[in-house]
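**Q** So for the sequence shown, my numbering puts the first residue at -9; every next one is plus one.
Here a beta-carbon is modelled for each residue, glycine too, at the ideal position from N, C-alpha and C.
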Amino acid sequence: MEQVAEKSDAGTPVSNDKTYSKEDAAIWTKQISQEVGSKIMELKMKRYKHVVQVTLGQQLGAGCLVLLSE
């Protein structure tokens, strides 16, 4: 997964000067998920399916903890 994260950094930069709006957030999340999905497809891992989940949050200097279960 590190390979995917490293490769996805070459895409559209995210700027700190943007302000949240419902319409823009929908566009940003779609663009980010499509970009990450295409980078994963480039790895050609035929035996795996992938799911891309994008979460937008306000940057306040605090950490973010995300827990997932199968």
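1) Under 9 Å between C-beta atoms, does Gln21 make it to chain C?
2) DSSP three-state call for Lys34: helix, strand or coil?
3) Write down the C-beta distance between Gly27 and Val44 rounded to the nearest angstrom, noting that I regard them as a contact closer than 8 Å.
4) Do Thr9 and Leu46 have their C-beta atoms closer together than 9 Å?
5) Which value, in whole angstroms, describes the spacing of the CA atoms of Gln21 and Tyr38?
**A** In brief:
1) Absent from the structure is chain C; it holds one protein chain and no more.
2) For the purposes of this step, residue 34 is taken as the residue at position 44 of the sequence shown. Three-state DSSP puts Lys34 in coil, outside helix and strand.
3) Here residue 27 corresponds to residue number 37 of the sequence shown, with the count starting at 1. Here residue 44 corresponds to residue number 54 of the sequence shown, with the count starting at 1. Going by Cβ atoms, the distance from Gly27 to Val44 rounds to 10 Å, so no, they are not a contact pair.
4) Translated into positions along the sequence shown, residue 9 becomes position 19. Translated into positions along the sequence shown, residue 46 becomes position 56. No, Cβ-Cβ distance for Thr9 and Leu46 is not below 9 Å.
5) On the sequence shown, position 31 is the one that residue 21 refers to. On the sequence shown, position 48 is the one that residue 38 refers to. Rounded to whole angstroms, Gln21 to Tyr38 spans 22 Å at the Cα level.
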